[in-house]
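Trainee:
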Amino acid sequence: MSSSIPQNGDQVVVQGFPVSTDEPHVVYGFPVMAQPRYTTVYFSPTEVSTDRAIHSTQQDQLEFESFDSVESPSDDDINQRSVSAGAFIAVTVIFFGLMGGLVYLLVLITHVHHPVFLVESASISMLNESAGNPTMASLNIGILTRNPNEMIVFEYDEFDVRVSGNSEDIFGTKIAAFNSSSESETLLNATAVVPLANISGIINIDVNLHSKVFLLNWYESTQQTINVLCKDVVIKKYSGATVKGCSVNMSNPYL
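In the numbering used here, the protein residues as written are 15 to 269.
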C-alpha cells in the first residue's frame with residue numbers, strides 16, 4: 015500500500031488514515047518525523063547576469079581604451095629620434111677626436127727628436143805660393159743642421175769645432191751661438207787657414223762639435239750638452255767633399 019506524504023504547513027496528512035489529534039506526528043504506532051523546514055532564497059538570474067555583463071563590458075571598454083591610447087610613433091617622432099642619435103654620434107666622434115689630438119700634442123711635446131747634423135760641403139782655397147814661405151790654404155767646411163721637431167726650439171751656445179785628419183789636428187775654430195726654430199734648417203760654416211802641407215791628395219777628416227743647447231717648448235726649458243761627430247769625411251784637394259752624416263749625442267749636464 016503506497017502513500018505520499020505531502021507537506022502543508024505544520025500538518026502531516028496521510029491519505030486513507032485518520033490522524034490522531036493527541037499525537038499529531040504518529041500514524042498507527044509508526045512515528046513520522048516532521049519534515050525539516052527549508053528556507054529557499056531565490057536569486058534573479060537576470061539581475062546577476064546583467065551585473066556581470068555590465069562589469070565585463072566596462073573592463074573590456076577600459077582595455078580597449080588603453081590599447082587605443084598606445085599609438086604608433088609618427089614620422090616626426092622617428093625623425094626626432096634619428097636627429098638625436100646622429101647628434102650623439104657626432105658628439106662622440108668629436109670627443110674622441112679631441113682626446114686623440116690632445117694625446118698627439120702631448121707626444122709631440124714630451125718626445126724630443128735629436129737635431130740632425132751633416133757635412134754638406136768642404137772646400138780648399140789656395141792663398142799664396144811665394145818662395146820661401148809655406149803654401150797656405152783656406153779650409154771651409156759647411157755643416158747643415160736641421161730641427162725635426164714641430165713644437166720645440168733649440169737654442170745653441172757657441173760651438174767648439176775641431177777638425178782632425180790622419181790622427182792629427184788640422185785646425186780648431188768656433189761657431190757663434192744661434193737658434194734653430196721648429197722644423198727649420200741652419201747652415202754653419204767652419205773656416206780656418208792651414209798649411210797646405212797638412213792637406214795633400216785625398217784625406218779623411220773628423221769634425222767634432224761641442225756645445226750646450228736649451229730645449230724650449232711652451233711649458234718648460236731644459237739644458238743639455240750636445241756632441242756632434244762627423245767621422246771619415248772624404249775631402250779631395252780640388253774637388254770638395256763627400257756629403258756625410260754625423261752622429262749626435264745629447265745628455266743632461268747635471269746628471
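For glycine and all other residues, C-beta sits at the position ideal for the given N, C-alpha and C.
On the DSSP bridge assignment, give the partners of Leu243 in chain order.
Mentor: Leu243 pairs with Asn222 and Ser261.
Trainee: Go through its chain and collect everything with a Cβ distance to Val130's Cβ below 6 Å, but skip five positions before and after it.
Mentor: Around Val130: Arg160.
Trainee: Look up Thr266 in the DSSP assignment and say whether it is helix, strand or coil.
Mentor: The sequence as given places Asn at residue 266; Thr does not occur at that position. Coil, per DSSP.
Trainee: Return the Cβ separation of Asn241 and His224 in integer angstroms, given the expectation that the two are a contact with Cβ distance under 8 Å.
Mentor: So it is a contact: roughly 5 Å between Cβ atoms.
Trainee: Compute the Euclidean distance between the alpha carbons of Asn180 and Gly114, then round it to the nearest angstrom.
Mentor: About 53 Å.
Trainee: Going by DSSP, what residue range makes up the beta strand (DSSP E) through Pro209?
Mentor: Its beta strand (DSSP E) spans residues Glu199 to Pro209.
Trainee: On the DSSP bridge list, what partners appear for Leu230?
Mentor: Val167 and Ser235.
Trainee: Taking the alpha carbon of Glu164 as the point to measure from, which residue in Gly156, Ala191 and His127 has its own alpha carbon closest?
Mentor: If we check each option's Cα against that of Glu164, His127 comes out closest.
Trainee: Taking the beta carbon of Ile177 as the centre, do at least 16 other beta carbons fall within 10 Å, making it buried, or is it exposed?
Mentor: Note on residue identity: the sequence assigns Val, not Ile, to residue 177. With 16 or more other Cβ atoms within 10 Å, it is buried.
Trainee: If you compare alpha carbons, which of Val207, Met264 and Glu199 is closest to Lys226?
Mentor: Measuring from the Cα of Lys226, the nearest candidate turns out to be Met264.
Trainee: Pull up the distance between the alpha-carbon of Val62 and that of Asn93, whole angstroms please.
Mentor: Below a pLDDT of 50, predicted positions are generally treated as unreliable, and Val62, at 46, falls in that range; the measurement from the model is reported next regardless. So the two alpha carbons sit approximately 53 Å from each other.
Trainee: What does the alpha-carbon distance come out to for the pair Ala191 and Gly111?
Mentor: Near 41 Å, if we compare the C-alpha coordinates of Gly111 and Ala191.
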